[in-house]
Amino acid sequence: MINRKQKIGCICSLSLLLVACAGNNDDLVRYINEVKHRKTRQIEPIPSFAPLPTFKFPDSDNRRNPFKPIVQKKEEEVDVNAPDKNRPKEPLEAYPLDALKFVGTLMQGNEMWALIKLPNSDITHVGIGNYMGQNYGRVVSIKNNSIQLIETTQTSGKWEKHNITLELYTGK
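Numbering-wise, the sequence shown is residues -22 to -1, 1 to 150 according to mature numbering (1 follows the signal peptide of the UniProt record, and there is no 0).
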């Protein structure tokens, strides 16, 4: 706790500091008034300049624009084996090919369908031209005991096509 002598000493010190700051400021007030009553000088108006004529670079001389970065045009090699990445994905492309099982066929008119068992035990069908597997596998042939696919895989930057055969799953 602060005792009585310390309180009185603190109050006296603060009073002394405040009295010391209250000096005579008459010379400062006089100077401020003198500055306020001085006459101001006129500011000269900004001179007007005639606009410079615009310069248009000629378009016909095929010079490059020095203010644009140099872009080297690189001709893209079109890989004839590359898959169509713009085509919508089919549901069976979500599964790896080894997770899908060929379990049978259906015949409708003269069109044959293959029955495919999914990892969750659902069964769906595919026809010629459908895609399955994660390597862009396209069904090219359906027989009673096998499905022929052409898978497109990328090896060392090049797209390659591989023939894949899915045999009828017999449960063994």
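Cβ coordinates follow ideal geometry from the N, Cα and C atoms, glycine included.
Which residues in the same chain as residue i place their Cβ atom closer than 7 Å to its Cβ, once the five residues preceding and following it in sequence are excluded?
{"i": "Pro97", "result": "Tyr73, Ala77"}
{"i": "Lys136", "result": "Asp57"}
{"i": "Glu89", "result": "Gly105"}
Reducing DSSP to helix, strand and coil, say where residue i ends up.
{"i": "Tyr109", "result": "strand"}
{"i": "Gly135", "result": "coil"}
{"i": "Ser(-10)", "result": "helix"}
{"i": "Gln50", "result": "coil"}
{"i": "Leu146", "result": "strand"}
{"i": "Asn11", "result": "helix"}
Output needed for residue i: all residues of its chain with C-beta closer than 6 Å, excluding positions within five of it in sequence on either side, in chain order.
{"i": "Leu84", "result": "Trp91"}
Can you list, in chain order, the residues of its chain with a C-beta nearer than 8 Å to that of residue i? Leave out the 5 residues immediately preceding and following it.
{"i": "Glu138", "result": "Asn59, Thr130, Thr131, Gln132"}
{"i": "Ile128", "result": "Gly115, Arg116, Val118, Lys139, His140, Asn141, Ile142"}
For residue i versus residue j, is the C-beta spacing smaller than 8 Å?
{"i": "Glu145", "j": "Gly111", "result": "no"}
{"i": "Ile101", "j": "Phe80", "result": "no"}
Quick test of your reading: residue i and residue j, contact by CB under 8 Å. State the CB separation rounded to the nearest angstrom.
{"i": "Asn113", "j": "Glu68", "result": "With 8 Å as the limit, Asn113 and Glu68 do not qualify as a contact, their Cβ atoms being about 13 Å apart."}
Quiz item: Taking the runs of the alpha helix (DSSP H) that are 4 residues or longer, which of them lie wholly in the segment 67 to 129?
Solution: Runs of the alpha helix (DSSP H) inside the segment 67 to 129: none found.
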